[in-house]
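K.L.:
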Amino acid sequence: MSFLSGFKKNLNRAGQTIKQRTGGGDKTIDTEFEEEYERFKSLEKKSEKLAKESKGYLDSMRAITTSQVRIIHTIETLYDESNTMGTALVEYKRVIEKLDEEARTNLDSAYRATVLEPLGRYCSYFPEVNEAIKRRQKKLLDYDNQKTKVRKLIDRPSEDPQKLPRAEQEANIARELYESLNTIIINDLPKLVELRVPYIDPSFEALVKSQLRFCQTSYEQLEGLRNHFPPDSDTADNRVDDVLQQMRELTICGNF
Numbered sequence: 001m002s003f004l005s006g007f008k009k010n011l012n013r014a015g016q017t018i019k020q021r022t023g024g025g026d027k028t029i030d031t032e033f034e035e036e037y038e039r040f041k042s043l044e045k046k047s048e049k050l051a052k053e054s055k056g057y058l059d060s061m062r063a064i065t066t067s068q069v070r071i072i073h074t075i076e077t078l079y080d081e082s083n084t085m086g087t088a089l090v091e092y093k094r095v096i097e098k099l100d101e102e103a104r105t106n107l108d109s110a111y112r113a114t115v116l117e118p119l120g121r122y123c124s125y126f127p128e129v130n131e132a133i134k135r136r137q138k139k140l141l142d143y144d145n146q147k148t149k150v151r152k153l154i155d156r157p158s159e160d161p162q163k164l165p166r167a168e169q170e171a172n173i174a175r176e177l178y179e180s181l182n183t184i185i186i187n188d189l190p191k192l193v194e195l196r197v198p199y200i201d202p203s204f205e206a207l208v209k210s211q212l213r214f215c216q217t218s219y220e221q222l223e224g225l226r227n228h229f230p231p232d233s234d235t236a237d238n239r240v241d242d243v244l245q246q247m248r249e250l251t252i253c254g255n256f
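Using the numbering used here, the letters of the sequence shown map in sequence onto residues 1 to 256.
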């Protein structure tokens, strides 16, 4: 019985929606709700984008450190027993592997706990709010449907004198159910929107602190390699030019 009742209600709601679109059914306009609903949907869109971009930041940082490790490991394969890596490359490998470990442990776990998880929990409330809004819409359709029935009975009175009072009573019940849920939503949506700043601010602060800590660690580790590389870039350029010249002198590279 409950299934058939719910099925009948859905059919009535679908019929009322069609009538409203064609101008044949009553349609309640609630500007206050519409304003709050638009603010909520804007917040939902921006918050989900923030969560996505925040996840992308962590993925990018992990991609950088992983790529650095792969680069030095690939460079390492270019050397053999007769041509071993110099001290600079050995130290660089040690530093890069340490930074990658830092990103996988400290940065990753702290960032997830203080940034991604709070943002994820915040966004997880949006589906519940949307479900409440859907329930409101169903109650509104029920109310409009009952209003349409009352209006038609007034325009074309029925031979049954009890039909109009029953329809009016059902319309009042539908109105009370709709207004009760509508009042809750209209009161709560602004509160949800206003809570965005005090909730998101700590996560933003954590994001900046995580970024600062990782950048400081990276700088301190890489700064220790300064003595292994000549400060004058011209020296490095000259070394590259010398090697290229030796390659040009090879017979196999005669077309260079």
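Every residue gets a Cβ at the ideal spot worked out from N, C-alpha and C, and that includes glycine.
Bear in mind the structure is a predicted one, so any value in this text is a computation, not a measurement.
#1: Here's a check: name, in chain order, each residue in its chain whose Cβ is nearer than 6 Å to the Cβ of E44, leaving out the five neighbours to either side.
#2: Determine the contact status of S203 and L107, defining contact as a CB-CB distance below 8 Å.
#3: Quick one: what's got a C-beta closer than 6 Å to T114's C-beta in the same chain, skipping five residues either side?
#4: Looking only at its own chain, which residues have a Cβ that is under 7 Å from the Cβ of T22, when we skip the five neighbours before and after it?
#5: Specify the secondary structure class of N83 as computed by DSSP and reduced to three states.
#6: Just to confirm, is the Cβ distance from Y92 to L225 under 8 Å?
#7: Which class does L120 belong to by DSSP, given the choice of helix, strand or coil?
#8: Report the CB separation of E48 from L189 in whole angstroms; it is logged as a contact under 8 Å.
#9: Could you name the residues of the same chain whose beta carbon sits closer than 6 Å to that of A167, not counting the 5 residues immediately before and after it, in chain order?
#10: Taking buried to mean at least 16 other C-beta atoms within 10 Å of its own C-beta, is V95 buried or exposed?
#11: So the candidates are S218, Q246 and N227; which of them puts its Cα closest to the Cα of K258?
#12: Below 8 Å on the Cβ atoms is my guess for H228 versus T74; work out the distance and round it to an integer in Å.
#13: In angstroms, rounded to a whole number, what distance separates the CA positions of K55 and L116?
P.N.:
Let me spell this out:
#1: F126
#2: no
#3: A206
#4: Confidence at T22 is low in this model, with a pLDDT of 45, below 50, so the placement of that residue should be treated as unreliable; the coordinate-derived value is given next. Within the same chain, T22 has no close Cβ partners at all.
#5: coil
#6: yes
#7: Inspection of the sequence shows that residue 120 is occupied by Gly rather than by Leu. In the structure shown, G120 sits in a helix (DSSP, three-state: H, G or I).
#8: Not really, about 17 Å apart at Cβ, beyond 8 Å.
#9: K149, V150 and L153
#10: buried
#11: Absent from the model: residue 258. The displayed extent of the chain is 1 to 256, so no value can be given.
#12: That pair is no contact at about 20 Å.
#13: 7 Å
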